[in-house]
């Protein structure tokens, strides 16, 4: 897995510091889907900024 790109759904926190993926992500499936498309096929959404997912370093 030298060249693997890993992503984690921890890019956004809610007001109490919890992971907003579980609350906001369920209300905004279009944003979750756009994040997944950006992660798997970045050429399809070149201007999309990750909302719920973030690349791991």
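Residue numbers (this note's numbering): 160 to 216.
Think of the CB as a built atom: it goes at the ideal place given N, C-alpha and C, for glycine as much as any other residue.
None of these values were measured; they are calculated from a predicted model.
Distance between residue j and residue i (C-alpha atoms, nearest Å)
i: residue 214; j: residue 170; result: 9 Å
i: residue 176; j: residue 211; result: 14 Å
i: residue 216; j: residue 168; result: 14 Å
i: residue 198; j: residue 184; result: 16 Å
i: residue 195; j: residue 165; result: 11 Å
Contact with chain B by residue i, beta-carbon distance below 8 Å
i: residue 188; result: This model lacks chain B altogether, as it is built from one protein chain only.
Taking three-plus beta-carbon pairs below 8 Å as touching, is the stretch 199-207 in contact with the stretch 170-189? Not touching, per the Cβ criterion.
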